[in-house]
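Asks:
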């Protein structure tokens, strides 16, 4: 719109200037012709002589009046031409200013058009992405019921598996308790048989001692055995430090004068006290926590220890090596 207004303003100015230039040129030409005509008449009047003096004066007066009139017109036209030149300069400056503004507007318009093109392309890409997202959303909505059904079926299957697992765990615990009872009964039976065997061996030994080959008569040797007698400790035999910390368990060996101790330092230590003084026999290692309980087997060749790491371990006393370790879920403890 600015470009159209500029062309509409520029065309009349050019036309007006051209007309004024044409008018001024015509006036100059007429002025020149009048001057030439005047010179010709003056020369003709001089040749005619004085007979026509009055007519010559009258013609001269008319010619002078016309010349003055033409000069006035020429002066007015020159002033008008000067004014038009001035206005032309103002209009030219205005045209330059308008051209600069037009250039700036065209540049701004070009930037706006480029920004519009970019925005249009971005709008197209966003619409395409929106269409893709809508399609994906529609797909998710279509798949949601099926996925929900699969999730419900998986939850039901999980609950069924958990119930079955709980049942199996219950059966396992029941079977383990039964196995423990069976092993405890077998152990009790073994201990009873062992006790009966020991009693029979002791009875045979007593009979051998109390026989005809014994010295001192019928019951002299029997009097030296004080069966069934009880008593209280009268004093401390000796005292010594065994562990770096608390002592949690102490056990005598059934066959030797050996004492086993367990403490918070995760070690089982063996001590020989048969000579009336304590001597270290060895240290059994391998536990991850403090020792809670210590027990020898019936022969004194192996030692069992339970610790706070939920495990029990067996060592051999002869070479002091770890033989076996088991968690609480794997080991069934039996009393000796």
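In this note's numbering, the protein residues as written are 26 to 361. Cβ atoms here follow ideal geometry from the backbone N, Cα and C, with glycine treated the same way. These numbers come from a predicted model, not from an experiment.
(1) Taking 8 Å as the cut-off, does the stretch 296-312 touch the stretch 280-288 (at least 3 CB pairs, one atom from each stretch)?
(2) Please state whether DSSP places residue 229 in a helix, a strand or coil.
(3) Can you check DSSP and say which residues form a bridge with residue 296?
(4) When the distance is taken between beta carbons, is residue 279 closer than 8 Å to residue 323?
(5) Just the Cα atoms here: how many angstroms apart are residue 64 and residue 119?
(6) So, helix, strand or coil for residue 316, using DSSP?
(7) Could you confirm whether any beta carbon from chain D is found closer than 8 Å to the beta carbon of residue 333?
(8) Count the CB pairs spanning the stretch 119-134 and the stretch 46-65 that are closer than 8 Å, and state whether there are at least three.
(9) By Cβ distance below 6 Å, which residues in the same chain neighbour residue 360 in space, the five residues on each side in sequence not counted?
(10) Determine the DSSP secondary structure at residue 310, reduced to helix, strand or coil.
(11) Run through DSSP, which three-state label would residue 268 get?
(12) Could you tell me the distance, in whole angstroms, from the CA atom of residue 145 to the CA atom of residue 132?
(13) Spell out the partners DSSP gives residue 327 in its beta bridges.
(14) Under the DSSP definition of a beta bridge, which residues are partnered with residue 94?
(15) Report the option in 329, 335, 333 whose CA atom is closest to the CA atom of residue 341.
(16) Could you name the residues of the same chain whose beta carbon sits closer than 7 Å to that of residue 99, not counting the 5 residues immediately before and after it, in chain order?
(17) By how many angstroms is the C-alpha of residue 172 removed from the C-alpha of residue 156?
(18) Can you name, in chain order, every residue of its own chain whose Cβ lies under 8 Å from the Cβ of residue 105, other than the five neighbours on each side?
(19) For residue 215, which of helix, strand or coil comes out of DSSP?
(20) Quick check: what's the CA-CA separation for residue 317 versus residue 227?
(21) Helix, strand or coil for residue 346, going by three-state DSSP, please let me know.
(22) In whole angstroms, what is the alpha-carbon distance linking residue 320 and residue 183?
(23) Is residue 194 near the ligand ADP, with its Cβ less than 7 Å from a heavy atom?
(24) Would DSSP call residue 332 helix, strand or coil?
(25) Going along the chain, which residues of its own chain have a beta-carbon closer than 6 Å to the beta-carbon of residue 275, five neighbours each way excluded?
(26) With H, G and I counted as helix, E and B as strand and the rest as coil, what does DSSP make of residue 205?
(27) Given this structure, state the Cα-to-Cα distance separating residue 410 from residue 50, to the nearest angstrom.
(28) Go ahead and pull the three-state DSSP assignment for residue 289.
Replies: Quick look at the numbers:
(1) yes
(2) The answer is helix: DSSP assigns residue 229 an H, G or I state.
(3) The secondary-structure analysis by DSSP pairs residue 296 across a beta bridge with 284, 305.
(4) yes
(5) Here the alpha carbons of residue 119 and residue 64 stand approximately 47 Å from one another.
(6) Secondary structure of residue 316 (DSSP, three-state): strand.
(7) No chain D is part of this structure, which consists of one protein chain only.
(8) no
(9) No answer about residue 360 holds up, because its pLDDT of 39 lies below 50 and its placement is not dependable.
(10) Of the three classes helix, strand and coil, the one that applies to residue 310 here is coil, per DSSP.
(11) coil
(12) Cα to Cα, the separation comes out at about 20 Å.
(13) 341
(14) DSSP output for residue 94 lists no bridge partner at all.
(15) 329
(16) 52, 56
(17) 24 Å
(18) 45
(19) helix
(20) Each residue's alpha carbon lies about 34 Å from the other.
(21) coil
(22) 45 Å
(23) Absence of the ligand ADP is noted for the structure shown, with no ligands found whatsoever.
(24) strand
(25) 286, listed in sequence order.
(26) It is helical.
(27) No answer is possible for residue 410: the residues shown for the chain start at 26 and end at 361.
(28) coil
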